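One line per chain: the protein sequences are W and H, in this order.
Per the UniProt record's numbering, the first sequence starts with residue 1, numbered consecutively.
Per the UniProt record's numbering, the second sequence starts with residue 1, numbered consecutively.
Read through the structure below, which is laid out as structure tokens, and then see the notes.
Protein chains: 2
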Amino acid sequence: MTRADQAPRRDVVVVASGGLDSTTLAYWLGTEGWNLTLLGVDYGQRHCTELSFLKRTAAVLKAPYVQLEISDFGKRLAGTALTDERVDVPAGTYTDPSMKVTVVPHRNALLLDLAVGVAVSTRAEAVAFGAHSGDHPIYPDCRPEFVKAYAQMVAVSNEGFLADGFEVLAPFLNWTKADIVRLGAEVGVPFSDTWSCYRGGPRHCGECGTCTERKEAFVLAGVGDPTEYIDSGQD
Amino acid sequence: MTRADQAPRRDVVVVASGGLDSTTLAYWLGTEGWNLTLLGVDYGQRHCTELSFLKRTAAVLKAPYVQLEISDFGKRLAGTALTDERVDVPAGTYTDPSMKVTVVPHRNALLLDLAVGVAVSTRAEAVAFGAHSGDHPIYPDCRPEFVKAYAQMVAVSNEGFLADGFEVLAPFLNWTKADIVRLGAEVGVPFSDTWSCYRGGPRHCGECGTCTERKEAFVLAGVGDPTEYIDSGQD
Numbered sequence: 001m002t003r004a005d006q007a008p009r010r011d012v013v014v015v016a017s018g019g020l021d022s023t024t025l026a027y028w029l030g031t032e033g034w035n036l037t038l039l040g041v042d043y044g045q046r047h048c049t050e051l052s053f054l055k056r057t058a059a060v061l062k063a064p065y066v067q068l069e070i071s072d073f074g075k076r077l078a079g080t081a082l083t084d085e086r087v088d089v090p091a092g093t094y095t096d097p098s099m100k101v102t103v104v105p106h107r108n109a110l111l112l113d114l115a116v117g118v119a120v121s122t123r124a125e126a127v128a129f130g131a132h133s134g135d136h137p138i139y140p141d142c143r144p145e146f147v148k149a150y151a152q153m154v155a156v157s158n159e160g161f162l163a164d165g166f167e168v169l170a171p172f173l174n175w176t177k178a179d180i181v182r183l184g185a186e187v188g189v190p191f192s193d194t195w196s197c198y199r200g201g202p203r204h205c206g207e208c209g210t211c212t213e214r215k216e217a218f219v220l221a222g223v224g225d226p227t228e229y230i231d232s233g234q235d
Numbered sequence: 001m002t003r004a005d006q007a008p009r010r011d012v013v014v015v016a017s018g019g020l021d022s023t024t025l026a027y028w029l030g031t032e033g034w035n036l037t038l039l040g041v042d043y044g045q046r047h048c049t050e051l052s053f054l055k056r057t058a059a060v061l062k063a064p065y066v067q068l069e070i071s072d073f074g075k076r077l078a079g080t081a082l083t084d085e086r087v088d089v090p091a092g093t094y095t096d097p098s099m100k101v102t103v104v105p106h107r108n109a110l111l112l113d114l115a116v117g118v119a120v121s122t123r124a125e126a127v128a129f130g131a132h133s134g135d136h137p138i139y140p141d142c143r144p145e146f147v148k149a150y151a152q153m154v155a156v157s158n159e160g161f162l163a164d165g166f167e168v169l170a171p172f173l174n175w176t177k178a179d180i181v182r183l184g185a186e187v188g189v190p191f192s193d194t195w196s197c198y199r200g201g202p203r204h205c206g207e208c209g210t211c212t213e214r215k216e217a218f219v220l221a222g223v224g225d226p227t228e229y230i231d232s233g234q235d
């Protein structure tokens with residue numbers, strides 16, 4: 001028996017990127033009885049192609065799609081490979097120290113704060129994002145300590161204005177990406193309609209940190225990977 | 001002996017609006033030995049005229065001025081008088097329940113996040129904002145509990161990326177606005193070059209919550225008010 005059978009539907013604003021994790025999160029929350037609003041943010045990321053994938057997901061899920069533009073912010077951040085064209089996106093895995101250049105400082109707090117503003121304004125009961133355990137080594141704003149501190153901050157920042165029982169949902173926080181792929185396969189995520197690559201080329205590069213992680217996750221999950229990678233042709 | 005005589009100068013990103021509080025904050029931090037960057041944010045506020053005042057302050061203080069545009073966000077917030085043209089800015093004082101419509105949900109977290117992102121990227125040692133005790137009754141994100149929770153969240157969100165001793169400064173947190181006016185007079189703030197009015201007309205309206213508070217603060221501080229108010233002519 002799913003939650004949808006037990007309780008009235010509640011509203012959630014999902015911080016989503018068009019990537020595998022947040023797309024699976026959206027599909028899954030829908031099956032769990034949440035009314036979704038998908039929030040995409042153009043923060044000047046070079047892989048903003050991800051947002052066109054997100055828009056398609058919103059259409060498929062019949063969920064309102066809100067896109068906010070804060071690309072000025074990305075332009076002000078020197079030294080992060082995701083928004084500064086002078087810095088190369090490294091190849092490798094997320095455990096490599098070289099991957100630190102892909103940190104966009106304080107990004108998740110900012111994205112979640114935009115979602116919270118929209119949620120409070122529309123009386124939604126939750127915000128959600130797709131951080132998982134593979135993000136922990138490099139990205140401090142994907143760790144359990146962050147989610148806990150963030151939820152506490154939101155509660156005091158909006159005291160008297162939040163919907164009853166307001167939650168910051170991060171259900172994949174201690175999952176691996178392979179776990180997410182397995183769940184995605186269960187809830188029918190069309191994986192070829194998701195975008196991971198940080199390099200933002202016409203196809204997934206297959207060698208940057210997020211492509212490497214994506215490939216591995218499908219293998220570990222035992223799920224066929226429909227992604228077309230530049231380095232290996234069709235998988 | 002001021003701090004400037006004792007220690008090397010450190011860098012701070014000040015969330016500033018062109019209003020009386022944040023302008024005084026900027027002047028004062030400068031005298032205390034901080035290198036300032038002033039951050040103005042266009043979040044779709046109807047009183048965005050304040051940012052032209054801020055720009056002037058930055059020029060006078062010879063401080064870099066960064067303006068970020070997130071007006072998409074303001075457009076998404078239904079029901080707040082500061083960004084929704086369909087909602088009137090009420091007259092009265094900040095203790096009136098009617099003043100709740102001037103709350104922009106989660107605004108300070110968002111503005112501070114932009115400052116933190118810039119600060120981390122430039123290795124600045126602090127962010128600062130000008131919340132004071134007069135803001136507490138209506139604005140939860142101006143209260144001491146918020147500042148404490150926000151600082152904790154920033155520490156974990158950016159673990160390993162913050163400058164040593166990074167601080168979230170809110171030195172006026174338990175001050176009255178009259179205290180701020182007194183300090184402003186001491187450090188030479190040209191008060192006529194600050195903007196408070198939420199209505200954003202050609203001159204201060206003299207009757208909205210922030211105009212009422214501004215007028216009272218000058219009276220209580222015993223400092224001459226150079227502001228031209230529409231309702232009373234020149235003060």
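Each residue gets a CB set at the ideal place from its N, CA and C atoms; glycine is no exception.
Since the structure is predicted, the reported quantities are computational estimates derived from the model, not experimental observations.
{"Check": "Kindly give me the distance between the Cβ atoms of V15 of chain H and A151 of chain H, rounded to whole angstroms, as I take these residues to be in contact under 8 angstroms.", "Outcome": "Contact flag wrong, Cβ pair sits at about 14 angstroms."}
{"Check": "According to DSSP, simplified to helix, strand and coil, what is V60 of chain H?", "Outcome": "helix"}
{"Check": "Alpha carbon to alpha carbon, how far is G200 of chain W from residue 236 of chain W? Give it in angstroms, no decimals.", "Outcome": "Because chain W spans 1 through 235 in this model, residue 236 of chain W falls outside it and cannot be assessed."}
{"Check": "Please tell me whether V41 of chain H and L29 of chain H are closer than 9 angstroms, where the distance is taken between their beta carbons.", "Outcome": "no"}
{"Check": "Helix, strand or coil: which one does DSSP assign to Q67 of chain W?", "Outcome": "strand"}
{"Check": "Considering only residues of the stretch 165-206 of chain H, which uninterrupted beta strand (DSSP E) runs meet the minimum length of 3 residues and lie entirely inside it, listed in chain order?", "Outcome": "167-169"}
{"Check": "Any beta-carbon of chain H closer than 9 angstroms to the one on Y27 of chain W?", "Outcome": "no"}
{"Check": "Could you compute how far the alpha carbon of I180 of chain H sits from the alpha carbon of E216 of chain W?", "Outcome": "57 angstroms"}
{"Check": "So that I know if they touch, is there some Cβ in chain H lying closer than 9 angstroms to that of L169 of chain W?", "Outcome": "no"}
{"Check": "Which residue's Cα is closest to the Cα of R86 of chain W: W:L36, W:R46, W:A163 and W:V223?", "Outcome": "W:R46"}
{"Check": "Pull out every residue of the stretch 201-223 of chain H whose Cβ sits closer than 8 angstroms to any Cβ of chain W, in chain order.", "Outcome": "none"}
{"Check": "If we cut at 9 angstroms on Cβ distances, does D113 of chain H have a partner in chain W?", "Outcome": "yes"}
{"Check": "Looking only at DSSP bridge pairs, what is C208 of chain H linked to?", "Outcome": "H:A91"}
{"Check": "Would L20 of chain W count as contacting chain H if we go by Cβ distances under 9 angstroms?", "Outcome": "no"}
{"Check": "Look up D235 of chain W in the DSSP assignment and say whether it is helix, strand or coil.", "Outcome": "Unreliable placement is indicated for D235 of chain W, whose pLDDT of 40 sits below 50; the coordinate value is still reported in the next sentence. Coil, per DSSP."}
{"Check": "Classify E216 of chain W as helix, strand or coil using the three-state DSSP reduction.", "Outcome": "helix"}
{"Check": "Using only the alpha-carbon positions, how far apart do V60 of chain W and E186 of chain W sit?", "Outcome": "17 angstroms"}
{"Check": "Taking just the CA atoms, how far does T227 of chain H sit from residue 323 of chain H?", "Outcome": "With chain H represented from 1 up to 235, any question about residue 323 of chain H goes unanswered, as that position is not in the structure."}
{"Check": "Hey, is the stretch 112-126 of chain W in contact with the stretch 138-152 of chain H, meaning 3+ C-beta pairs nearer than 8 angstroms?", "Outcome": "no"}
{"Check": "Can you check whether the C-beta of G160 of chain W is within less than 9 angstroms of a C-beta belonging to chain H?", "Outcome": "yes"}
{"Check": "Using the C-alpha atoms, what's the distance from A149 of chain W back to D88 of chain H?", "Outcome": "35 angstroms"}
{"Check": "Looking at the unbroken beta strand (DSSP E) that takes in L36 of chain H, where does it start and where does it end?", "Outcome": "W34 to D42"}
{"Check": "Count Cβ pairs between the stretch 63-80 of chain W and the stretch 195-214 of chain W that sit closer than 8 angstroms; are there 3 or more?", "Outcome": "no"}
{"Check": "For A128 of chain W, name the three-state secondary structure that DSSP assigns.", "Outcome": "strand"}
{"Check": "Contact defined as beta carbons within less than 8 angstroms: I believe F53 of chain H pairs with D193 of chain H. What is the distance between those atoms, to the nearest angstrom?", "Outcome": "6 angstroms"}
{"Check": "Between the stretch 57-70 of chain H and chain W, which residues of the former have CB atoms less than 9 angstroms from a CB of the latter, in chain order?", "Outcome": "V66, Q67, L68, E69 and I70"}
{"Check": "Under DSSP, the alpha helix (DSSP H) around V147 of chain W begins and ends at which residues?", "Outcome": "P144 to S157"}
{"Check": "Just list the residues that DSSP pairs V13 of chain H with in beta bridges.", "Outcome": "H:T37 and H:V127"}
{"Check": "Let me see if you follow: with CB-CB separation under 9 angstroms, is residue 252 of chain H close to chain W or not?", "Outcome": "Given a span of 1 to 235 for chain H in the structure shown, any question on residue 252 of chain H remains unanswerable."}
{"Check": "Return helix, strand or coil for E228 of chain W, following the three-state DSSP convention.", "Outcome": "strand"}
{"Check": "Is V116 of chain W close to chain H? Criterion is C-beta to C-beta, closer than 9 angstroms.", "Outcome": "yes"}
{"Check": "Going by other Cβ atoms of all chains shown within 10 Å of its Cβ, with 16 needed for buried, is P202 of chain H buried or exposed?", "Outcome": "exposed"}
{"Check": "Taking 9 angstroms as the threshold (beta carbon to beta carbon), is S17 of chain W in contact with chain H?", "Outcome": "no"}
{"Check": "If we count the other Cβ atoms within 10 Å of its Cβ and call it buried at 16 or more, is C125 of chain W buried or exposed?", "Outcome": "Note that residue 125 of chain W is Glu in the sequence shown, not Cys. E125 of chain W should be labelled buried."}
{"Check": "Beta carbon of L51 of chain H, beta carbon of R214 of chain H: below 9 angstroms?", "Outcome": "no"}
{"Check": "Can you name, in chain order, every residue of its own chain whose Cβ lies under 6 angstroms from the Cβ of R123 of chain W, other than the five neighbours on each side?", "Outcome": "A163"}
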